[in-house]
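Colleague: Residue numbers (my numbering): 2 to 316.
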Ligand code: COA
Ligand code: ZN
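And the structure:
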């Protein structure tokens with residue numbers, strides 16, 4: 002089998018992508034407690050919240066309070082999603098370590114999600130990259146609907162490459178390829194990751210952001226890793242989804258991603274046991290059941306007592 006990097010870095014996006022689509026408003030104290038608990042699991046990054054309009058994303062209307070109250074660990078980068086200059090100023094005022102700018106590769110999803118044309122978003126994002134350079138804060142750019150759009154269907158990979166290269170040249174500290182509604186399939190992921198890695202500068206490494214809408218997220222993660230990608234977004238418990246993309250559902254489960262890569266001998270830095278403790282509490286937080294295969298089965302080497310008739314008399 003083709004192998005990828007021996008160590009990967011995970012950006013836990015559950016507090017942002019996970020909570021943004023939930024109908025219940027998770028109390029600020031509970032959000033802070035969630036981020037603090039995740040901080041102890043070994044993540045490279047945690048996407049804490051988003052500085053969006055409270056009308057667009059009411060679930061994250063308390064972004065400032067959450068950012069101000071979390072207990073920050075020096076070994077974790079705390080990042081936030083921002084769609085425009087207004088959101089950027091709010092994020093900078095809240096002392097965010099790194100910003101995650103966002104726009105869609107498809108025109109229709111960009112208009113539905115951000116109420117801007119792609120040209121308007123591009124102009125905002127380029128101005129934001131300039132502002133961030135002056136402020137000395139790194140900025141990643143997330144490109145939504147990279148592998149397909151729920152309104153337009155196929156998205157040309159030439160458009161993904163054009164936008165990714167433009168933002169990398171304008172100083173983005175990384176580019177995230179987002180499969181917003183789980184339309185990606187493994188060979189597509191492998192091809193796009195390989196071709197983009199070849200044309201992006203080392204200063205703008207690729208991250209892959211997967212959703213499990215059609216059950217292909219782990220297969221896609223493996224394909225991205227085999228193509229050399231070492232940075233992954235994931236949400237604990239498989240929470241997640243874009244409220245402005247029809248049919249959107251959860252991100253790749255962080256715990257499944259960690260379990261798969263660690264089983265393969267790839268270091269993730271994340272401790273599975275405390276993470277599973279957090280995952281077990283998520284249904285209480287979002288007030289709905291979250292069926293979870295890994296939580297039910299346990300890690301692959303969990304052993305069970307053998308039935309008595311197979312053990313008695315065997316020394
Ligand atoms: N933070 C807080 N408020 C903001 C804001 C921001 N970043 N950007 C705009 N607003 C406010 C404006 O001040 C205005 O408030 P008012 O009605 O009290 O005057 C209102 O939101 C509308 O502003 P406008 O510039 O017309 O924005 P819009 O309604 O066209 O929405 C976005 C544009 C980008 C702010 C909005 O679509 C958005 O936040 N989208 C995020 C979607 C998202 O996060 N999706 C999931 C993740 S991919
Ligand atoms: Zn997402």
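Where a beta carbon is used, it is the ideal one built from N, C-alpha and C, also for glycine.
For residue 9, which option in 271, 163 and 68 has the closest C-alpha, if you only look at C-alpha atoms?
Modeller: The residue labelled residue 9 in the question sits at position 8 within the chain shown. Closest option to residue 9, Cα to Cα, is 271.
Colleague: Is residue 58 near ligand 1 - that is, is its Cβ less than 6 Å away from at least one heavy atom of it?
Modeller: Here the question's residue 58 lines up with position 57 in the chain shown. Within the cutoff, so yes.
Colleague: Is the beta carbon of residue 263 closer than 7 Å to that of residue 255?
Modeller: Position 254 of the chain shown, counted from the first residue, corresponds to residue 255. Position 262 of the chain shown, counted from the first residue, corresponds to residue 263. Against a cut-off of 7 Å, the Cβ pair of residue 263 and residue 255 comes out as no contact.
Colleague: In the DSSP output, what is residue 104 paired with across the bridge?
Modeller: Position 103 of the chain shown, counted from the start, is the residue given in the question as residue 104. Note: residue 104 sits in a beta bridge opposite 144.
Colleague: Quickly, what does DSSP pair residue 82 with across the bridge? List them, please.
Modeller: Residue numbering aside, residue 82 sits at position 81 when the chain shown is read from its first letter. Answer is 51 and 101, bridged to residue 82.
Colleague: Within the same chain, show all residues whose beta-carbon is closer than 7 Å to that of residue 257, passing over the 5 residues directly before and after it, in chain order.
Modeller: Sequence index remark: in the chain shown, residue 257 carries index 256 (1-based). The answer, listed in chain order, is 219 and 295.
Colleague: Let me know if residue 165 comes out buried or exposed under the rule of 16 or more other beta-carbons within 10 Å of its beta-carbon.
Modeller: Residue numbering aside, residue 165 sits at position 164 when the chain shown is read from its first letter. Result: buried.
Colleague: The beta strand (DSSP E) spanning residue 19 covers which residue range?
Modeller: Taking the first residue of the chain shown as 1, we reach residue 19 at position 18. Run containing residue 19: none; DSSP gives neither H nor E here.
Colleague: Can you name the residues that DSSP bridges to residue 13?
Modeller: Locating residue 13 in the chain shown gives position 12, counting from the first residue. Per DSSP, 47 and 235.
Colleague: Any chance the CB of residue 52 is under 6 Å from a heavy atom of ligand 1?
Modeller: Taking the first residue of the chain shown as position 1, residue 52 is located at position 51. Correct: residue 52 has its Cβ closer than 6 Å to ligand 1.
Colleague: Please classify residue 3 as buried or exposed, where buried requires at least 16 neighbouring CB atoms within 10 angstroms.
Modeller: The residue given as residue 3 occupies position 2 in the chain shown. Note on residue 3: under 16 other CB atoms within 10 angstroms of its CB, so exposed under the neighbour-count rule.
Colleague: With H, G and I counted as helix, E and B as strand and the rest as coil, what does DSSP make of residue 268?
Modeller: Looking up residue 268 in the chain shown gives position 267. Note: residue 268 maps to strand in three-state DSSP.
Colleague: Between residue 119 and the rest of its own chain, which residues show a CB-CB distance below 6 Å, the 5 nearest in sequence each way excluded?
Modeller: On the chain shown, residue 119 is found 118 positions in, with the first residue counted as 1. The residues are 108 and 111.
Colleague: What number of angstroms, rounded off, separates the C-alpha of residue 173 from the C-alpha of residue 306?
Modeller: Indexing the chain shown from 1 puts residue 173 at position 172. Indexing the chain shown from 1 puts residue 306 at position 305. Computed Cα separation, rounded: 53 Å.
Colleague: Would you kindly report the start and end of the unbroken beta strand (DSSP E) that includes residue 178?
Modeller: Translated into positions along the chain shown, residue 178 becomes position 177. Per DSSP, residue 178 belongs to the beta strand (DSSP E) from 175–179.
Colleague: Secondary structure at residue 56, three-state DSSP: helix, strand or coil?
Modeller: Taking the first residue of the chain shown as position 1, residue 56 is located at position 55. Coil, per DSSP.
Colleague: According to the neighbour-count rule (16 or more other Cβ atoms, all chains shown, within 10 Å of its Cβ), is residue 87 buried or exposed?
Modeller: By one-based count along the chain shown, residue 87 stands at place 86. When all chains shown are included, residue 87 counts as exposed.
Colleague: Ignore the nearest five residues each way along the sequence and tell me which others in residue 260's own chain have a CB closer than 7 Å to its CB.
Modeller: The residue given as residue 260 occupies position 259 in the chain shown. Hits under 7 Å: 273, 295 and 300.
Colleague: List the endpoints of the continuous alpha helix (DSSP H) containing residue 317.
Modeller: Because the chain spans 2 through 316 in this model, residue 317 falls outside it and cannot be assessed.
Colleague: From the beta carbon of residue 148, is the nearest beta carbon of chain B less than 7 Å away?
Modeller: In the displayed structure, chain B is absent; only one protein chain is listed.
Colleague: What is the rounded straight-line gap between the Cα of residue 229 and the Cα of residue 196?
Modeller: The residue labelled residue 229 in the question sits at position 228 within the chain shown. The residue labelled residue 196 in the question sits at position 195 within the chain shown. Those two C-alpha atoms are separated by around 11 Å.
Colleague: For residue 212 and residue 72, what's the separation of their Cα atoms in angstroms?
Modeller: For the purposes of this step, residue 212 is identified with residue 211 of the chain shown, where counting begins at 1. For the purposes of this step, residue 72 is identified with residue 71 of the chain shown, where counting begins at 1. If I take the Cα positions, the gap works out to 28 Å.
Colleague: Given 6 Å as the limit, tell me if residue 85 has its C-beta closer than that to any heavy atom belonging to ligand 1.
Modeller: Residue 85 sits at position 84 when you count from the first residue of the chain shown. Residue 85: yes, Cβ under 6 Å from ligand 1.
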